[in-house]
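**Q**
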Amino acid sequence: MALPEIGSVAAAFTLPNQDGKSVSLADYAGRHVLIWFYPRAFGNN
Amino acid sequence: MLGITFSPTDDLKKWREEVGLTADLLCDADRSVALAYGAAESADQEKATRVTVIIGPDGTVLQAYAVDNAEAHPAEALAHIA
Chain E
5 MALPEIGSVA AAFTLPNQDG KSVSLADYAG RHVLIWFYPR AFGNN
Chain G
5 MLGITFSPTD DLKKWREEVG LTADLLCDAD RSVALAYGAA ESADQEKATR VTVIIGPDGT
65 VLQAYAVDNA EAHPAEALAH IA
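Residue numbers (this note's numbering), protein chains in the order written: chain E, 5 to 49; chain G, 5 to 86.
(1) For chain E, is any of its Cβ atoms less than 9 Å away from the one on Ala43 of chain G?
(2) Taking 9 Å as the CB-CB limit, is Asp15 of chain G close to chain E?
(3) Kindly say whether Asp28 of chain G, judged by its beta-carbon, lies nearer than 9 Å to any beta-carbon of chain E.
(4) So the alpha helix (DSSP H) Ile10 of chain E belongs to, where does it begin and stop?
(5) Which residue comes first and which comes last in the beta strand (DSSP E) that contains Leu30 of chain G?
Written out as structure tokens, the structure is:
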């Protein structure tokens, strides 16, 4: 699976957070965002 | 800063409190975001691949890494946004 191309427009998304509240990439417009994908909560992450 | 995984939101809440994280942790249950960002090969992949993406204020991708070494990676990523 390919990583996003540098300089391309980041894919929009809306997902529930830990409290069930929807969070969108668009909420961070005008700011830097660091997104990290990780295997799972708990265990040796 | 947003952490994305496939764990259910209840687990994310407990783990966030246990570890003391302040970032929002998001649940990508159907893997659609992971697929779009190269952190999953298929919609039935059990666990997300470690991938970090830095997005600029204009919504474009500034950096994208597949993380091979989880211990060395934070310093590398921080160096790019410093």
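C-beta: ideal position from N, C-alpha, C; glycine also.
**A** Taking the geometry as given:
(1) yes
(2) yes
(3) yes
(4) Note, Ile10 of chain E: premise wrong, no alpha helix (DSSP H); not H, not E.
(5) Asp28 to Cys31
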